[in-house]
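Read in order, the letters of the sequence shown are residues 20 to 169 in the numbering used here.
Backbone N, C-alpha and C define an ideal beta-carbon position, used for all residues, glycine too.
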Amino acid sequence: MSDFRAIADRVEIEALRGEFTDAVMLRDYDRIALLFTPDGAWRMPNIPVELEGREPIRAWGRRVPDLVDFLVQNTHPGVIRIDGDTASGRAYVSEVGRGRDGRGGLNYAIYHDRYQRTDDGWRFAERVYEVRYEDASPLAGSPPRPAEDA
Numbered sequence: 020m021s022d023f024r025a026i027a028d029r030v031e032i033e034a035l036r037g038e039f040t041d042a043v044m045l046r047d048y049d050r051i052a053l054l055f056t057p058d059g060a061w062r063m064p065n066i067p068v069e070l071e072g073r074e075p076i077r078a079w080g081r082r083v084p085d086l087v088d089f090l091v092q093n094t095h096p097g098v099i100r101i102d103g104d105t106a107s108g109r110a111y112v113s114e115v116g117r118g119r120d121g122r123g124g125l126n127y128a129i130y131h132d133r134y135q136r137t138d139d140g141w142r143f144a145e146r147v148y149e150v151r152y153e154d155a156s157p158l159a160g161s162p163p164r165p166a167e168d169a
């Protein structure tokens, strides 16, 4: 890969995916929405959720704290294929979390992505979440609670 534009594109797309994981971990759905093109889609068929456009992504994110007690997402790099101002790729995900209803969850999934170069840099045109393995067994642990003042 001697083409510096292709190298820069790959670095920028990988940064986009990292920014997404960081925003998910911090529950920053305003930031997540801005990582998509204005008409971009985020699809999670197993939940099931189909979000098209930035405002539906923001609105769904405002509901997440009512549904999810905690979520830890780890994303691992996958393939990126660049074709001019568009690209496609995959990222591999492992997650552990618990719903407000007490259900635990551990899963391994793949994000199937389409990217678009914009004036603001690379953005997701579509992100499809495919769960490959799910374990809904109760979780033995929990997030740490703040220590009480002595």
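Query: V98 in three-state terms, based on DSSP; Result: coil
Query: Backbone CA spacing between S156 and L125 [nearest angstrom]; Result: 8 Å
Query: Helix, strand or coil at D120 [DSSP, three-state]; Result: coil
Query: Option nearest I99 by Cα separation, candidates V30, D22, F23; Result: V30
Query: Contact belief for R119 with G59 at Cβ below 8 Å, rounded distance in angstroms; Result: Actually they are not in contact, since the Cβ atoms of R119 and G59 sit about 28 Å apart, beyond 8 Å.
Query: Span of the beta strand (DSSP E), counted from its first residue to its last, around A60; Result: 55-63
Query: Nearest neighbour of V43, chosen from R77, N65, G72 [CA to CA]; Result: R77
Query: Under the three-state DSSP convention, the category G80 falls into; Result: helix
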